[in-house]
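The structure appears below as structure tokens.
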Ligand code: ASC
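Numbering (the working numbering), first residue to last: 349 to 500.
In structure tokens form, the structure reads like this:
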């Protein structure tokens with residue numbers, strides 16, 4: 349290989365490396381499980397703060413709803429690269445093996461949730477409590493749908 353071609357090849361590898369963090373990489377299946385649980389835990393915490401407002405448990409706070417919705421949108425992008433083969437289970441709360449036998453359907457359910465939380469984010473930006481409540485309900489429905497189907 350000429351030096352020019354070698355440098356071209358190295359540059360391509362380096363460029364590819366820059367985009368790697370976009371998809372989480374895991375050394376071991378257990379690392380993916382930990383990552384997944386952590387991502388869902390943070391997402392649920394911020395989603396739950398909006399839920400408390402939607403359910404009238406705490407007063408509606410438009411700025412807090414918007415900040416929490418932004419975080420939910422960010423977190424919603426994270427769990428799915430961590431559903432790696434070999435991480436299904438039968439314990440309560442663990443993912444069913446059907447995720448991997450019908451991955452396209454699972455990914456579609458995930459995409460629905462991601463779309464609904466973007467709508468929740470837009471609703472939160474309006475500062476309108478009723479819109480937030482409606483969008484929260486729709487987003488929660490997509491969480492439940494996936495849990496009912498794919499979570500033990
Ligand atoms: C939440 C949370 C979920 C969903 C789900 C909706 O706040 O932690 O997993 O809503 O309960 O049915």
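Every residue gets a Cβ at the ideal spot worked out from N, C-alpha and C, and that includes glycine. Bear in mind the structure is a predicted one, so any value in this text is a computation, not a measurement.
Determine whether the beta carbon atoms of residue i and residue j lie at a separation below 8 Å.
i, j, result
"residue 500", "residue 441", "yes"
"residue 408", "residue 477", "yes"
"residue 424", "residue 498", "no"
"residue 426", "residue 387", "yes"
If you drop the 5 nearest sequence neighbours on each side, which residues of the same chain put their C-beta closer than 7 Å to that of residue i?
i, result
"residue 491", "461"
"residue 391", "420, 423, 424"
"residue 433", "448"
Would you tell me roughly how many angstroms separate the C-alpha atoms of residue i and residue j, rounded to the nearest one?
i, j, result
"residue 419", "residue 394", "7 Å"
"residue 384", "residue 377", "11 Å"
"residue 468", "residue 455", "20 Å"
"residue 464", "residue 435", "26 Å"
"residue 459", "residue 471", "18 Å"
"residue 466", "residue 484", "11 Å"
"residue 475", "residue 482", "13 Å"
"residue 397", "residue 450", "32 Å"
Answer with buried or exposed for residue i, where buried requires no fewer than 16 other C-beta atoms within 10 angstroms of its C-beta.
i, result
"residue 480", "buried"
"residue 421", "buried"
"residue 381", "buried"
In its own chain, which residues sit with a C-beta less than 6 Å from the C-beta of residue i, not counting the 5 before and 5 after it?
i, result
"residue 400", "406"
Hey, which residues come within less than 6 Å of ligand 1, measuring from Cβ to any heavy atom, in chain order?
-> 392, 395, 396, 399, 488, 491, 492
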